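Here is the structure we will look at, set down as structure tokens.
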Amino acid sequence: MNHPHEIRPDLDEGIDRKVLAKLRARFLQVNEGRLQRAKDGLSTRQQQVLTLLPLLFHVNHPLLPGYVSGSTPAGVSGFEPDAELVAEGQRLARSFSYKTRLGNPHRPIHGLFLMGSLGSLAQAEQSDMDLWVCHAPGLNDHQLQELRRKCQLLETWADSQGAEAHFFLIDPQGFAQGQRDSQLSSDDCGTTQHFLLLDEFYRTAIWLAGRTPLWWLVPVYEEHNYRGYTETLLSKRFIRSTDALDLGNLAHIPPGEFVGAGLWQLFKGIDSPYKSLLKLLLTEVYASEHPSGRCLSLDYKQSVFANQLNLDELDPYVMVYRRIERYLLQRGETARLELVRRSLYLKVNKKISTLDRSRNSGWQRRLLQRLTDEWGWDERQLAMLDSRSQWKVRQVALERRELVAELNHSYRFLSQFAHNQNASSRADQRDLNVLGRRLYAAFERRAGKIEVINPGIAPDLAEDTLTLVQSPNRKEPGSHHWGLYNGNLGVHEWEHFSPIKRCRELLELLTWAHRNGVIDSSTRLALHPGVSDLTEFELFNLLGSLQQSLPLPLGSVSEVRLLQPSVADEILLLVNVGVDPLRHHRDLNILMTTERTDSLSYAGVRENLVLTVDQITLNSWNEVLVQRYDGEHALLRCLRDFLNTLGQRSHRPRVRVRCFCHNRAQAISQRVEEIFDTVQLLLDQGQNHRYLLQVAQHTHALELQPGQVALVTLDSQEAVLDYLGEERSAYSPLYLDANALQDHDLPLVLEQGRPDCIQVFYRLFDGWADLYVLDEYNALWQQRLPLQDERHLLLPLQRFLRSVVMRRDARLPLDYSRQVPLQIHYAQLLPSGPGKARGIEPRPAPNEGLDQPCYEVQAILQAGTDNDVHVTLYCDQLEFSELDHGDELYAVVARQILGQRRSAGQYRCYITDLDLSELLGDELGSTILYLRYKRQLEQSLNEGLAQLQAALEP
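The sequence shown runs contiguously to residue 954 in the UniProt record's numbering.
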């Protein structure tokens with residue numbers, strides 16, 4: 001349905017010059033409104049900069065800002081300064097005067113445009129000015145150099161006036177053909193985005209002077225015929241070529257641009273998620289509608305043609321929000337929509353709660369108020385967002401959960417889109433993998449890794465006063481844990497409050513608090529040490545050691561380092577934290593001590609005084625990891641793992657050893673540091689050393705380059721199957737005797753064995769299915785599962801295997817000339833149903849689909865005491881641990897999963913990701929091991945789910 005005031009200039013019916021003039025006037029009307037809004041948000045001096053720019057590019061005057069020489073290209077097409085602007089110039093240079101040049105002088109500056117957030121809802125005091133200086137084609141190198149120098153001088157002058165300006169030289173003719181040799185905005189990702197940048201230009205640019213865009217005059221329905229339409233306009237002189245600037249059209253955007261744009265915004269979103277979220281979602285909308293969708297600039301043009309000139313509705317950020325809102329509502333993703341709304345509100349940063357009602361003036365606040373009223377936000381929610389600068393751990397942790405889920409969703413979406421559209425070049429694929437590592441380093445959980453909870457969410461998480469408590473763990477009788485609480489709480493007072501954070505070990509808690517800025521140099525700590533020997537003196541020194549070894553903020557991680565597996569850069573070893581070794585060795589005669597007594601073979605009775613070692617590691621990807629060793633062999637196990645981690649690498653970390661326990665702290669730290677120095681020296685000599693080390697009553701031989709031997713005995717078919725499922729460290733082909741497993745489907749599977757890939761085989765029956773996996777080393781995993789359909793059978797396994805491959809690849813060099821990621825192949829055993837399988841047919845990997853939300857259930861396994869394994873589960877970023885839930889863990893998680901399901905049905909629970917890094921140490925770990933743990937965890941989860949569903953049945 002056409003709008004009654006819509007203009008539809010048609011080539012067939014004839015084009016009226018008055019109609020074109022009316023169209024241009026509409027665009028200029030919107031432009032004038034945006035320009036006035038931009039100026040309203042600027043200081044007087046900043047306004048002066050913006051006002052004077054057309055004049056400064058129009059003339060060369062030695063006393064005006066930006067002067068290079070009299071030959072610098074100057075003169076703006078169709079521009080003549082009025083008396084008021086000339087007077088502004090004379091305020092800067094009294095000798096300046098302006099005379100209109102007669103005839104038809106050469107004017108090489110074809111247009112000046114302000115691009116970006118100025119004049120929009122998101123304009124802020126610190127918003128910079130991105131200006132496109134469109135110049136005539138054919139300028140020689142000297143002229144371009146002079147014009148570039150003029151821009152640099154103008155940037156310096158603008159800075160002196162409190163305005164951050166960036167000028168970008170544009171050759172419209174070359175640009176329209178996709179040619180560019182530099183970034184074209186301060187928020188530009190480079191040369192891979194042409195059409196998306198043009199889209200942003202057309203819907204945000206404010207015209208300052210010169211020619212106006214030819215694109216304005218082409219109806220949306222003629223965009224596909226842009227060249228023919230504009231040639232007609234120019235050749236038949238409906239418009240003069242000296243009045244119009246042609247930067248090209250937006251009839252088609254190559255899918256590769258969506259990948260490039262998403263990569264750039266994801267990269268920025270790691271540190272500033274709110275700023276990137278809107279552009280990330282817009283990229284997703286564009287990509288999901290490709291190739292039939294159209295970009296926002298065409299919606300903007302359509303509105304102007306229809307005479308719908310409301311500045312609020314045409315605001316660039318409102319238009320972005322409306323498109324995203326429509327997309328997410330169609331998908332029923334209201335939680336993501338709320339996150340988008342919060343991101344827009346925080347991006348605008350104009351507080352409208354009653355706390356700031358006195359400042360509630362100006363068009364931005366009025367527009368924001370209308371939007372939040374439309375969203376149904378109440379005063380409590382507004383006050384919460386307006387207090388963002390005071391957000392602390394709990395609020396930030398909740399927000400991080402949703403932001404990280406959104407960033408991970410965007411990464412999966414981009415990867416899947418690139419695969420589906422075959423849209424990524426080799427360079428894009430490399431960038432995708434490097435970005436995957438950045439996301440992995442920033443957000444991926446694994447055992448011992450300290451989670452960073454504040455990726456640009458709040459400015460400061462530091463607490464003034466905290467209470468540190470060791471208390472019994474009621475979920476695990478006989479054990480203790482540490483908790484960190486707000487405020488200064490007295491004895492047993494803390495029992496009535498929930499801790500900010502709870503950990504099994506003290507150093508994990510302190511490192512988390514330091515890395516996230518919860519404890520800083522001004523934080524006051526109240527201590528309730530429980531049964532530990534921790535003193536305030538030791539606590540103060542522990543925090544000082546952390547601050548010295550992990551100075552914040554950490555530097556950025558270079559791409560070069562991400563291309564290689566992470567390696568330890570800094571290692572801090574803290575010995576006997578909260579433990580007095582002489583109090584624990586009650587049989588020692590303390591009077592026998594001398595300064596020459598060895599701390600590892602103490603006081604003639606050969607007792608080891610190193611009882612615990614806490615290791616804090618900062619690696620080359622800026623990950624901080626914590627590991628604890630205790631017991632009589634704590635030092636040996638720490639040393640063994642240190643050697644295994646170093647391997648054959650030439651890179652040596654800096655190792656610091658500290659000890660602050662009550663007795664012999666300095667002697668203990670010196671002795672441990674001496675051992676690590678000796679080991680590193682032996683490794684540096686490059687020989688196969690054996691180092692004999694005496695600890696207490698035992699002498700230990702450490703092989704710096706150990707070997708390994710395995711022996712397997714088989715005595716039955718059951719043993720054969722067990723053997724086929726054993727973990728391997730290298731590929732070995734399998735040859736079956738003709739009579740082996742003859743009544744089984746397995747011979748068909750086993751003869752398909754191939755190295756360096758993961759092969760999934762499945763056979764369908766009535767109501768159930770058999771799954772087989774041959775991993776990269778030809779080890780076999782098998783499972784029988786209930787069958788709903790092929791997609792529900794295979795997709796959870798595909799998601800899990802992809803996460804296993806990503807974790808594996810993160811520990812390998814990212815070098816495509818030598819390293820190829822593990823491929824995952826699928827095949828179906830046929831025929832389905834009863835009887836023996838007779839054939840195998842390849843099948844495509846299950847497609848996650850760009851519109852399919854994924855409910856993530858991640859498991860982290862950590863080594864406990866006495867060969868126990870501690871399990872922590874995360875459901876869509878929400879943590880559930882044995883520390884909090886004990887034996888009820890799986891039932892609690894099953895209830896959480898059930899509560900998140902959109903539809904009823906007897907669906908199984910699945911693990912989508914698994915971390916075994918602490919159990920594996922420096923080993924990669926084969927896929928079969930991950931699958932084995934996956935099956936055990938899912939069995940526990942589904943037992944919990946079955947009990948829950950049975951309890952819910954009438």
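The beta-carbon is built from N, C-alpha and C at its ideal position, and this holds for glycine as well.
Model, not experiment: these values are computed from the prediction.
Between the C-alpha atoms of S732 and L724 there is a straight-line separation of about 11 Å. Restricting attention to alpha helix (DSSP H) runs no shorter than 4 residues, the region 335-410 encloses them at 363-375 and 379-386, ordered along the chain. For G174, the enclosing alpha helix (DSSP H) covers residues P172 to A176. Per DSSP, reduced to three states, the secondary structure at V869 is strand. Between A769 and L793, the gap from beta carbon to beta carbon is short of 8 Å. Residue environment analysis places F660 among the buried positions, since at least 16 neighbouring C-beta atoms fall within 10 angstroms of its C-beta. When beta bridges are read from the DSSP output, Q179 appears opposite no residue. In the assembly as shown, V469 is a buried residue. Its beta-carbon has 16 or more other beta-carbons within 10 Å. Under DSSP, L573 shares a beta bridge with Q615 and V657. The three-state secondary structure of Y826, taken from DSSP, is strand. Per DSSP, E879 is one residue of the beta strand (DSSP E) stretching across L878 to S881.
Sequence-distant partners of L385 (beyond 5 residues in either direction) whose C-beta falls short of 7 Å from its own C-beta, in its chain, are R342, Y345 and L346. Contact between S43 and G162 holds: their C-beta atoms lie close to 6 Å from each other, under 8 Å. Sorting P316, P73, E88 and G103 by C-alpha distance to the C-alpha of Q47 places E88 at the top.
Just so you know, the alpha carbons of L309 and A397 end up roughly 42 Å apart.
Collapsing the DSSP output to three states places H496 in a helix.
Between the C-alpha atoms of V871 and Y933 there is a straight-line separation of about 11 Å. Between F195 and Q783, the alpha-carbon positions lie close to 49 Å from each other. Proximity to R808 across A837, D775, K836 and R24 peaks at D775, based on C-alpha coordinates.
Contact check for A418 against L407 fails: the beta carbons are separated by 8 Å or more. If you compare the alpha carbons of V304, A730 and P565 with that of P755, the shortest gap goes to A730. In this structure E841 is exposed. Its beta-carbon is surrounded by fewer than 16 other beta-carbon atoms within 10 angstroms. Bounds of the beta strand (DSSP E) holding R763 are C757 to L764. Nearest neighbour of Y202 by Cα position, chosen from R843, V304, L682 and E607, turns out to be V304. Residue pairing by DSSP places N486 opposite L466 in a beta bridge. In the structure shown, G78 falls within a coil segment according to DSSP collapsed to helix, strand and coil.
Going by beta carbons, A136 and P105 fall outside the 8 Å limit. The shortest CA-to-CA distance from S620 to any of L682, Q666 and L554 is the one to L554.
Here the region 146-156 makes contact with the region 67-75; the two share three or more CB pairs at distances below 8 Å. Shown here for F443: same chain residues with a beta carbon closer than 6 Å to its own, the five before and five after excluded, namely V404 in chain order. Y772: not part of any alpha helix (DSSP H); member of the beta strand (DSSP E) spanning W768 to L774, first to last residue. With a cutoff of 8 Å on beta-carbon distance, L233 and R34 are scored as not near each other. Here the region 120-135 makes no contact with the region 215-234; the two share fewer than three CB pairs at distances below 8 Å. Around the beta carbon of R388, 16 or more other beta carbons sit within 10 angstroms, so the residue counts as buried. Per the coordinates, the alpha-carbon of L683 lies some 48 Å from the alpha-carbon of G256. In this model, G41 and L208 are separated by some 17 Å (Cα to Cα).
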